[in-house]
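Just remember that my numbering sits 291 ahead of the position in the sequence shown, which is counted from 1.
Written out below as structure tokens is the structure these notes cover.
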Amino acid sequence: MALRARALYDFRSENPGEISLREHEVLSLCSEQDIEGWLEGVNSRGDRGLFPASYVQVIRAPVAEPPPPARYANLPAGGFEPLPAPAAFKPAMQQAPAAAAPEPFPLPSAAGYPFPPAPYGGSYQPSQGSDDDWDDDWDESSTVADEPGALGSSYPDYEVAGSRASGHYHLSTRSELSLSSHGGHLAGHPHLPGSSAKSSATVSRNLNRFSTFVKSGGEAFVLGEASGFVKDGDKLCVVLGPRGPEWQENPYPFQCSIEDPTKQTKFKGMKSYIAYKLVPSHTGQQVHRRYKHFDWLYGRLAEKFPVISVPHLPEKQATGRFEEDFISKRRKGLAWWMDHMCSHPVLAQCDAFQHFLTCPSTDEKAWKQGKRKAEKDEMVGANFFLTISVPTGPGAGLDLQEVESQVDGFKAFTKKMDESALQLNHTANEFGHLANFPDIIHVQKGALTKVKESKRHVEEGKMELQKAEGIQERCNIISFATLAEINHFHKIRVRDFKSQMQHFLQQQILFFQKVTQKLEEALHKYDSV
């Protein structure tokens, strides 16, 4: 007897590896044993992947074919484990061939969960190894992210309460929103006679807690679970420009050079490291930073800004990190990274970034105070979206279909760019121009899905219009921010790729000049034969 199941509700897949279900359709199961609330099987359209176990009822019917082998049968009994560091995997658009349909995210034998983790919600930890270890007087061994109840929790099922007057913000997961409405029924709770249909329907929650939309705080924000007082200094303004929403320009633009990498020692020569001299143009005061300080800054920014592309740093290296070629290559990589950061209207003004650029290298106390302040920043996750100020008034709203069309168009653009410029893509991914956008787009698409679901509930008379309008208003904030980031990308991509290709061609010229020189030397040797 083959294992089969009947779908009790509709389910829309939102991540690689998931499949969509239609109410009443029959599926073939790979295994009857669920994996932390998920089953694997094949739907009536031949799609294979994971779906929530609570959305189906297992049935048994004799069929000739044996059940398909379970690709995830090797999962440990202890449950899911996230994949390694976010920087360790590549976006799907980079891996898939041009004409091939996207494949589910592959499951390594040592991993426990088939979805790529997102670098949000405090899941990022600075990489530690032989390259610029953290064992010095600049930093303490613990960070705020390690403390119980820290706002940077990996999952949304937490509650942080505080006083608005004291600058603390309230974020909670409402128990009533954990009940999903499908086909007029709450999960496990049919409507009682005489009960109000409008008050019973809620927008369903994403059961995949590793989804980028969930971990970034986007879902909690769209469903109205984030609330708090935002100080004027924390507001991020989106304005309407010639091409649509744009980040408000930095009124005090600046640049920062990275020069003179020098080898330094401490502990009487027992430990060595490379320090880089940074000179921000808006202060003119030089500071020295090690790679570990860049690594710490990247972690804070990637956690804080879920819909802003924070470029990846140059890769770490365990051996040969004091060799001249490696130091030169790393300095150039950090210079590219710094140019992108300084040119971004939001990232350039972030408190953590300014602390990184301006805190004197010799003032350890000031560095630790600024570091702790950045790690205690509560405007992350769902609360980050509260800081976004968008245009209001007549004509300032966004059309849902137009937003979806623009985001889909940008997604197709990045895919074509990936396919048609492999050399450029290698350079771009090294410095993070494209690698972050799949996650950013996923957050925005998740918000659009919630809006469509709420509209359907209103049409069916299961949700009040006011509640659905609140969901759409919060989705608009995410849409404004996403479109602003897309427009910023288009502004800088020509400038950045022009500079990168000029550098590439200059290096090619130098290489072939050396080849020509060697050939001429070989030619002249025949003169004496």
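Just so you know, even glycine gets a beta-carbon here, dropped at the ideal spot from N, CA and C.
What are the partner residues of L814, as DSSP defines its beta bridges? In the sequence shown, counting from the first residue as 1, residue 814 sits at position 523. Answer is none; L814 lacks a bridge partner.
Within its chain, find whatever has a CB closer than 8 Å to the CB of Q348; leave out the 5 residues flanking it on each side and keep chain order. Counting from one through the sequence shown, the residue named residue 348 turns up at place 57. Correct list, in chain order: A296, R297, L299.
Reduced DSSP secondary structure (H/G/I, E/B, other) of D551: Counting from one through the sequence shown, the residue named residue 551 turns up at place 260. Residue state, collapsed to three classes: strand.
Look up A726 in the DSSP assignment and say whether it is helix, strand or coil. Numbered from its first residue, the sequence shown carries residue 726 at position 435. In the three-state reduction of the DSSP assignment, A726 falls in the coil class, being assigned neither a helical nor a strand state.
Under the rule that 16 or more other beta-carbon atoms within 10 Å means buried, what is A703, buried or exposed? The residue given as residue 703 occupies position 412 in the sequence shown. A703 should be labelled exposed.
Environment of E776 [buried if 16+ CB atoms lie within 10 Å]: Translated into positions along the sequence shown, residue 776 becomes position 485. E776 should be labelled buried.
Please say whether L569 and L638 have beta carbons closer to each other than 8 Å? Position 347 of the sequence shown holds residue 638. Position 278 of the sequence shown holds residue 569. Taking 8 Å as the Cβ cut-off, L638 and L569 do not qualify as a contacting pair.
DSSP beta-bridge partners for P536? Indexing the sequence shown from 1 puts residue 536 at position 245. In DSSP, P536 forms a bridge with L531.
By the 10 Å Cβ neighbour count, where 16 or more other Cβ atoms means buried, how is H567 classified, buried or exposed? In the sequence shown, counting from the first residue as 1, residue 567 sits at position 276. Contrary to the premise, residue 567 reads as Tyr rather than His in this sequence. It is buried - the Cβ of Y567 has at least 16 other Cβ atoms within 10 Å.
With 16 as the cutoff for other CB atoms within 10 Å, does Q797 come out buried or exposed? On the sequence shown, residue 797 is found 506 positions in, with the first residue counted as 1. By the 10 Å Cβ count, Q797 comes out exposed.
Same chain, Cβ closer than 8 Å to F644, neighbours up to 5 away in sequence not counted: Within the sequence shown, numbered from 1, the residue matching residue 644 stands at position 353. Within the same chain, F644 has close Cβ partners L588, L592, M632, L638.
Spatial neighbours of E323 within its chain, please: CB distance less than 7 Å, with the 5 preceding and 5 following residues excluded, ordered by chain position. Sequence index remark: in the sequence shown, residue 323 carries index 32 (1-based). Closer than 7 Å at Cβ, skipping near neighbours: L294, V349.
Per DSSP, what kind of secondary structure is H579 in: helix, strand or coil? As a working mapping, residue 579 is identified with position 288 in the sequence shown. Strand at H579.
8 Å Cβ cutoff met for T773 and Q735: Taking the first residue of the sequence shown as position 1, residue 773 is located at position 482. Taking the first residue of the sequence shown as position 1, residue 735 is located at position 444. A contact, by the Cβ cut-off of 8 Å.
DSSP beta-bridge partners of L318: For the purposes of this step, residue 318 is identified with residue 27 of the sequence shown, where counting begins at 1. For L318, which the question treats as bridged, DSSP gives the partners A296.
Under the assumption that V513 contacts A738 (Cβ atoms under 8 Å), give the Cβ distance between them as a whole number of angstroms. As a first step, residue 513 is located in the sequence shown; it is residue number 222 there, counting from the start. As a first step, residue 738 is located in the sequence shown; it is residue number 447 there, counting from the start. Yes, they are in contact, since the Cβ atoms of V513 and A738 sit about 5 Å apart, within 8 Å.
DSSP beta-bridge partners for E309? In the sequence shown, counting from the first residue as 1, residue 309 sits at position 18. DSSP output for E309 lists L341 as bridge partner(s).
Which residues mark the beginning and the end of the alpha helix (DSSP H) in which V505 is found? Here residue 505 corresponds to residue number 214 of the sequence shown, with the count starting at 1. Residues 503-506.
When you compare the CB positions of P636 and E540, do they come within less than 8 Å of one another, or not? Along the sequence shown, one-based indexing puts residue 636 at 345. Along the sequence shown, one-based indexing puts residue 540 at 249. Yes; because the gap between Cβ atoms is below 8 Å, this pair is in contact.
Is the segment 657-668 close to the segment 683-702, with three or more CB pairs under 8 Å? Contact between the segment 657-668 and the segment 683-702 is not established, with fewer than three Cβ pairs separated by less than 8 Å.
Nearest to H646 (by Cα), restricted to the options D654, G661, S634: As a working mapping, residue 646 is identified with position 355 in the sequence shown. It is G661.
Below 8 Å on the Cβ atoms is my guess for W329 versus P343; work out the distance and round it to an integer in Å. On the sequence shown, position 38 is the one that residue 329 refers to. On the sequence shown, position 52 is the one that residue 343 refers to. Going by Cβ atoms, the distance from W329 to P343 rounds to 6 Å, so yes, they are a contact pair.
Between E695 and the rest of its own chain, which residues show a CB-CB distance below 7 Å, the 5 nearest in sequence each way excluded? Looking up residue 695 in the sequence shown gives position 404. L739, listed in sequence order.
Grab me the residues of G234's own chain with a C-beta within less than 6 Å of its C-beta, minus the 5 sequence neighbours each way, in chain order. Absent from the model: residue 234. The displayed extent of the chain is 292 to 820, so no value can be given.
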